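Comments concern the structure below.
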Amino acid sequence: EVGQPSTTFLPESPTLPPAETSTMRLVEKLLEEAPGKEQRKPHLEGPPLQYMLELYQRSADSDGHPRENRTIGARMVRLLMPSANIARPLRGSWYTRILNFLLGRNRVAYQLVKATVVYRHQLHLAHFNLSCYVELWVPKSPNNPSSVRGSSKLSLMSQTWTEMDLTQHIQQKLWNRKGRRMLRLRFMCQPQNDSEVAEFHGHDPSSVHIAFLLLHLNDTHKNAQKAELLPSVLEEFMEGESSLLSRKTR
Amino acid sequence: QVDSVASDVSGPSQEQDASENNQCSLHPYTVSFRQLGWDHWIIAPHHYTPNYCKGTCPRVLHYGLNSPNHAIIQNLINELVNQSIPQPSCVPYKYDAMSVLLIEANGSILYKEHEGMVAQSCTCR
Numbered sequence: 017e018v019g020q021p022s023t024t025f026l027p028e029s030p031t032l033p034p035a036e037t038s039t040m041r042l043v044e045k046l047l048e049e050a051p052g053k054e055q056r057k058p059h060l061e062g063p064p065l066q067y068m069l070e071l072y073q074r075s076a077d078s079d080g081h082p083r084e085n086r087t088i089g090a091r092m093v094r095l096l097m098p099s100a101n102i103a104r105p106l107r108g109s110w111y112t113r114i115l116n117f118l119l120g121r122n123r124v125a126y127q128l129v130k131a132t133v134v135y136r137h138q139l140h141l142a143h144f145n146l147s148c149y150v151e152l153w154v155p156k157s158p159n160n161p162s163s164v165r166g167s168s169k170l171s172l173m174s175q176t177w178t179e180m181d182l183t184q185h186i187q188q189k190l191w192n193r194k195g196r197r198m199l200r201l202r203f204m205c206q207p208q209n210d211s212e213v214a215e216f217h218g219h220d221p222s223s224v225h226i227a228f229l230l231l232h233l234n235d236t237h238k239n240a241q242k243a244e245l246l247p248s249v250l251e252e253f254m255e256g257e258s259s260l261l262s263r264k265t266r
Numbered sequence: 008q009v010d011s012v013a014s015d016v017s018g019p020s021q022e023q024d025a026s027e028n029n030q031c032s033l034h035p036y037t038v039s040f041r042q043l044g045w046d047h048w049i050i051a052p053h054h055y056t057p058n059y060c061k062g063t064c065p066r067v068l069h070y071g072l073n074s075p076n077h078a079i080i081q082n083l084i085n086e087l088v089n090q091s092i093p094q095p096s097c098v099p100y101k102y103d104a105m106s107v108l109l110i111e112a113n114g115s116i117l118y119k120e121h122e123g124m125v126a127q128s129c130t131c132r
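Residue numbers (this note's numbering), protein chains in the order written: chain A, 17 to 266; chain B, 8 to 132.
Spelled out as structure tokens, the structure:
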């Protein structure tokens, strides 16, 4: 297929003979989440891509060899953008959006190592300076608080981005759930200057990247590498064979 | 029969001399993801160096080739018992992993380390 750019030939392939199946399985695995050519461009710009390029450069050299001193702590890092970004009515000076992140099905038994949301804690929008934070959005019920805040720290990416650890929440509430797995977060901003609150109404920061989710994963599907043990029967045979050969050679 | 094989292998044959330069070994090879038609979704790296193994496997599989016992036996079978059983083939022995950064169909960005992507050494088996 070299020189024939196509990512769609696999699903269309008829039943493959056994010799080709394993090869195709690898390529299929590589291509399983490949997009169509037209799908890439809209996502190629902006802070999310920049973040992942920096992560890549820290973790692998220019030839793709994983660096020995890499610190990501997992073999896979997936950056998810919110699938929905829903504005909520203003509450006083607070501008709020609900962010939905679809985690998808856990198809090949990925183990969650770490989950963080990276968000802008400072937004500059139409001459307004906003202070923002993110919290878990949980439906109101007598047993549930309306929201839960995680622990935040400044991201390495830039001074305007903050990283909040959500590993425990996703691990306990979402990761092993069957069916649709969706993380809902509340992104809240407030003008830094109280006098700007009234003027700020009507401006919408939905057009800028405000948050993305990072999932650090390990693939538990992979077989552990087996030690190459020589069966005792063959070992005995080889010992006899080698002594016979050495005698004859002598 | 073993005696005759042993005397045959005690000194290099002409055939072995001729194939010495073409003995099973690792060859460097680089391909771009553009050539593979995958550059629209693999962001980094731009090039892939899988390398490959090529060459003939000697009649006597020395330790440097890391051949398993099975390959040694198969060589003997080919030589002594049944020539329709092929001699071992020159194939990769150790592999390196490779990290790629790619765009997924749903628009997410994935960093992933794939095992077994780069041939690092060769063996006859």
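The C-beta atom is built at its ideal place from N, Cα and C for all residues, glycine as well.
As the structure is a prediction and not an experimental result, all values here were calculated from the model.
Query	Result
May I ask which residues mark the beginning and end of the alpha helix (DSSP H) holding residue 146(A)?	Note, residue 146(A): premise wrong, no alpha helix (DSSP H); beta strand (DSSP E) at 144 to 153.
Determine whether the Cβ of residue 130(B) lies closer than 8 Å to any Cβ atom of chain A.	no
Enumerate in chain order the residues of its own chain whose CB-to-CB distance from residue 235(A) is below 7 Å, with the five nearest sequence positions on each side excluded.	91, 92, 124, 126
Below 8 Å CB to CB, which residues in the same chain sit around residue 82(A) once its five sequence neighbours on both sides are set aside?	75, 76
Which residues of the stretch 48 to 66 of chain B have a Cβ closer than 9 Å to any Cβ of chain A? Give them in chain order.	48, 49, 50, 51, 52, 53, 54, 55, 56
Beta-carbon within less than 6 Å of residue 119(A)'s beta-carbon, same chain only, minus the 5 sequence neighbours each way: which residues are those?	197
Quick check on this structure: which residue in 87(A), 189(A), 96(A) has the alpha carbon closest to the alpha carbon of residue 114(B)?	96(A)
Does residue 114(B) get closer than 8 Å to chain A when you measure Cβ to Cβ?	yes
Quick check on DSSP: helix, strand or coil for residue 67(A)?	helix
May I have a chain-ordered list of the alpha helix (DSSP H) segments no shorter than 4 residues that lie completely inside the stretch 72 to 97 of chain B?	76 to 87
Tell me where the alpha helix (DSSP H) around residue 43(B) begins and ends.	40 to 43
In the DSSP assignment, what residue or residues form a beta bridge with residue 197(A)?	According to DSSP, residue 197(A) bridges with nothing at all.
Distance check for residue 194(A) and residue 242(A), CA to CA, integer angstroms please.	Bear in mind that the predicted position of residue 242(A) carries a pLDDT of just 31, short of 50, making it unreliable; the figure below should be weighed with that in mind. Rounded to whole angstroms, residue 242(A) to residue 194(A) spans 32 Å at the Cα level.
Pick out whichever of 231(A), 226(A), 232(A) has its Cα sitting closest to the Cα of residue 63(A).	226(A)
Using a Cβ-Cβ distance cut-off of 8 Å, determine whether residue 117(B) contacts chain A.	yes
Tell me whether residue 136(A) is buried or exposed, calling it buried when 16 or more other Cβ atoms sit within 10 Å of its Cβ.	buried
Name the one or two DSSP bridge partners that residue 113(A) has.	103(A), 203(A)
Taking the beta strand (DSSP E) that residue 32(B) belongs to, which residues open and close that run?	32 to 34
Beta carbon of residue 129(B), beta carbon of residue 32(B): below 8 Å?	yes
Between residue 39(B) and chain A, is any beta-carbon pair separated by less than 8 Å?	no
Tell me which residues share the same chain as residue 126(B) and place their Cβ nearer than 7 Å to its Cβ, disregarding the 5 neighbours each side in the sequence.	33, 57, 58, 59, 60, 99, 102
My output table needs one value for residue 124(B): the three-state DSSP class, helix, strand or coil.	strand
Is there at least one Cβ from chain A nearer than 8 Å to residue 108(B)'s Cβ?	yes
Can you list the residues of chain B that residue 75(A) reaches, using a CB-CB cut of under 7 Å?	106, 118
Take residue 68(B) and list the residues in its own chain whose beta-carbon comes closer than 8 Å to its own, dropping the five residues that flank it on each side.	74, 78, 79, 82, 95, 131
Run through chain B and tell me which residues come within less than 8 Å of residue 69(A), C-beta to C-beta.	50, 51, 108
Less than 8 Å between the C-beta atoms of residue 63(B) and residue 29(B), yes or no?	yes
Give the single residue among 112(B), 123(B), 86(B) whose Cα lies nearest to the Cα of residue 106(B).	123(B)
Tell me which residue opens and which closes the beta strand (DSSP E) that residue 180(A) is part of.	177 to 181
Work out the CA separation of residue 39(B) and residue 78(A) for me, nearest whole Å.	13 Å
DSSP three-state call for residue 66(B): helix, strand or coil?	coil
If you measure between the beta carbons of residue 229(A) and residue 117(A), is that distance less than 8 Å?	yes
At a CB-CB cut-off below 8 Å, which residues of chain B make contact with residue 97(A)?	114, 115
If I measure Cβ to Cβ from residue 190(A) and keep anything under 7 Å in the same chain, skipping five residues before and after, which residues do I get?	119, 197, 199
Using a C-beta to C-beta distance shorter than 7 Å, which residues of chain B count as neighbours of residue 93(A)?	118
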